[in-house]
Amino acid sequence: MSKPLLQVKGLKKYFDITGGVFSRKVGEIKAVDDITFDVYEGEVFGIVGESGCGKSTAAKTILRLIEPTDGEIIFADQNITELSFEEMRKLRRDMQMIFQDPYASLNPRQRIEKVLEEPLIVHGISDKQERKQRVQEILEVVGLTEEHGKRYPHQFSGGQRQRIGIARALILNPKLIICDEPVSALDVSIQSQILNLMEDLQEQFGLTYIFISHDLSVVKHISDRIGVMYLGKMVELADNETLYEEPLHPYTQSLLSAIPEPDPDIKKERIILQGDLPSPTNPPTGCAFHTRCPFSMEHCKHVCPKMKEVKPNHFVACHLYDEAVGT
Amino acid sequence: MKKTILEVRNLHTHFYTDKGVVPAVDGVSFSLYEGEILGIVGESGCGKSVTSLSIMGLIPSPPGKIVDGEILFRQQQSAGEKTEDLVKVSKKRLREIRGNQIAMIFQEPMTSLDPLFKIGDQIIEALRNHQRISKKEARKKAMELIKSVGIPRADEIVDEYPHQLSGGMRQRVMIAMAMACDPEILIADEPTTALDVTIQAQILELMKKLNREKGTAIMLITHDLGVVAEMCDRVIVMYAGKVVEEGPVRTILKEPKHPYTQGLIRSLPKLNKREKRLYSIPGQVPKPGSILSGCRFAPRCEVAFSQCFAKDPELYRIKEGHQCRCFLYEKEEDIVHV
């Protein structure tokens, strides 16, 4: 197996809740609570979970767009949590991000060629002719034309804007791209165009993706390995096929059974979870999932399960697979 | 044969903007039968929401206007059947029908609940607008309704404000409110799009239960073909303001005839098998009003021929109950006239 490009070790991000006249700290939100995973070169690592599970916070923390509370992030053998602001900025040439809503992440008053040129200026490509050349090339790579560069963001459709978002991430030739819900805002027929484009680019430029989504069928389509998150924790991590064929964690099982499939012939055993996602300000004690888990045991209420390798390359954090307790 | 309770005939809803007339709904006809769940599928801008707002008489005017067509609402009364055209009835009569016999739930429950009023009061208002009951009775009924949509702690929830509830709970409140007067028709416009998968499963289950137990006909507007497969009896596929295909759910998902429906289904990533590459429909959804002659889908269609660009196709009957707007299936005698 190739070597890990990115290693995330015990990453934590707590947000303080302040209150009172002096904005004293009255509590904290454990948005990301001790997650560990490796991303190998050339793979697509998917992260799935429902809203509020901390997947987007995890993405931003990895790029240090927000500072982690604790933990290590090792990118290309370099611990980036220790880097200074300036060093980090240089490193972001290799780590880029694509956002969910491309409209919100494009300056409405800049022409597209300007938007795309900016990262080149920031990263010190001073030759104007060269920059222009690069912008033209990248527009073609993502399936737009030179003429599109002269337009403003509002003149594009959602799918085209996402192409621009991709172009901007790609223009510096990064190694790793973190994609935060890149196709969630798009229509079905456009979604497949963007997914195909992303796969083509991966092949062409040897990219590594971290692909974050709440849509399990999209993640399944694109990812090699997948991590499932629930309330700030990673509860299961496995290869694509393994995860969908034999999910071990009760949360993964119910999540998979809840997806409506566009095929009337597939009759699924549905596990409908009761209740809502608990609030991350006041997460349940022990296993965070025990309040909704159909197999919850007394033990789950008190002890938080650790990630264990239950089968080769299949990690799960659940007491059902403890040898001491459980079966 | 099932009874039709709502029939939309040749509906044209146009919007008059500075840049010209936008025909958002351009000749849509369909029927809703008693007790069924009818799915309306399409991508953004295809006119599915405008169709439902037209039925409810909620098109903002100006700029919008129903320029042509009929919306026939058939109701059973002691004196026999009565048919009303919702396009022509008075505003007062429309208010009586709306919320009482035809109710609607929207995609984002937070924007359709008033943040300044308690949940209970909002349901009570809906009840007292249409029924002559005392406040006390209405409150009791509101509590029952909240319980019936599976919200725990009903006695506390009635006195809470919308912001204190989660998204799934708010959508349940919206459903409770819509069901307050036992409507004959429930129009649900993307009811689960803003919700998480596990919560979506709960809400869909609840809507199915209401359909089964109370016999409410549901018009479910969605872009998610998975939800359609789960819920619907029949499906209408819309594209650029027109119905392009109509048929039973099985037929539409398994043997779609229109190239657009086919493309839409093929471009979905499937859970049970992993394809190397997704199929994708080339091009983009056209802006409403940008294509004036010929088939709306022709510029993106892989099998389009010269006729497609010149003439508007009719709806052709393929089988009983299965119709498709495409020249590939053209036979003069099969034109579905409305």
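If you read the sequences in order, they're chains A and B. Heads up: the first sequence begins at 1 in this note's numbering, then just goes up one per residue. Heads up: the second sequence begins at 328 in this note's numbering, then just goes up one per residue. We put the beta carbon where it would ideally sit given N, CA and C, even for glycine.
Query	Result
Run the CB neighbour count on B/Asn283, radius 10 Å, all protein chains shown included, and call it buried at 16 or more, exposed below.	Not covered by the structure: residue 283 of chain B. The range shown for chain B is 328 to 665.
If we call anything under 7 Å between Cβ atoms a contact, is B/Val352 one with B/Gly568?	yes
Express the C-alpha separation of A/Ala58 and A/Leu83 in angstroms, rounding to a whole number.	18 Å
For A/Ser217, go through chain B and note every residue whose CB falls closer than 9 Å to its CB, in chain order.	Gly553, Leu595, Pro596, Lys597 and Leu598
Span of the alpha helix (DSSP H) holding A/Glu309?	First-last for A/Glu309: Lys308 to Lys311, but that is the beta strand (DSSP E), not the alpha helix (DSSP H).
Note down the Cα distance separating B/His624 from B/Arg644, rounded to an integer number of angstroms.	The amino acid occupying residue 624 of chain B in the given sequence is Phe; His does not appear at that position. Going from the Cα of B/Phe624 to the Cα of B/Arg644 covers about 19 Å.
Since A/Gly359 meets chain B, which of its residues come closer than 7 Å, beta carbon to beta carbon?	The question about residue 359 of chain A has no answer, for chain A in this structure spans 1 to 327.
Answer yes or no: does any C-beta atom of chain A fall closer than 7 Å to that of B/Gly374?	no
List the residues of chain B whose Cβ lies closer than 8 Å to the Cβ of A/Asp187, in chain order.	Glu370, Ser371, His550 and Val612
Is B/Val476 helix, strand or coil when you go by DSSP?	coil
Cβ of A/Val325 less than 7 Å from any chain B Cβ?	Note that A/Val325 has pLDDT 44, beneath the 50 cutoff, so the model's placement of it is unreliable and the number below is only indicative. For A/Val325, the answer is no, since every Cβ of chain B falls outside 7 Å of its Cβ.
Looking only at its own chain, which residues have a Cβ that is under 7 Å from the Cβ of B/Ile548, when we skip the five neighbours before and after it?	Ile367, Lys375, Ser376, Ser379, Ala515, Asp516 and Glu517
Tell me the DSSP bridge mates of A/Gln78?	A/Phe75
Pick helix, strand or coil for B/His550, following the three-state DSSP scheme.	coil
Give, in chain order, every residue of the region 195–215 of chain A whose Cβ lies closer than 8 Å to some Cβ of chain B.	Leu195, Asn196, Glu199 and His214
Let's test the definition: count the other Cβ atoms within 10 Å of the Cβ of A/Phe289 and tell me whether it reaches 16, buried, or not, exposed.	buried
Taking Cβ to Cβ, would you say A/Ala167 is nearer than 7 Å to A/Ile138?	yes
Alpha carbon to alpha carbon, how far is B/Cys651 from B/Met558?	22 Å
For A/Phe15, which of A/Ala258, A/Gln191, A/Cys318 and A/Thr61 has the nearest alpha-carbon?	A/Thr61
Applying the criterion that 16 or more other CB atoms from any shown protein chain within 10 Å of the CB defines a buried residue, is A/Ser192 buried or exposed?	buried
Please state whether the Cβ-Cβ distance between B/Met383 and B/Arg420 is less than 7 Å.	no
On the three-pair Cβ rule with 8 Å, is the region 520–533 of chain B touching the region 228–242 of chain A?	no
Which residue from A/Ala31, A/Gly20, A/Arg24 and A/Asp101 puts its Cα closest to that of A/Thr281?	A/Ala31
Counting only beta-carbon separations shorter than 7 Å, does B/Gln529 have a partner in chain A?	yes
Leaving out five residues on either side along the sequence, give the residues of the same chain with a beta carbon under 7 Å from the beta carbon of A/Val39.	Pro4, Leu5, Leu6, Phe45, Thr208 and Ile210
Leaving out five residues on either side along the sequence, give the residues of the same chain with a beta carbon under 6 Å from the beta carbon of B/Arg577.	none
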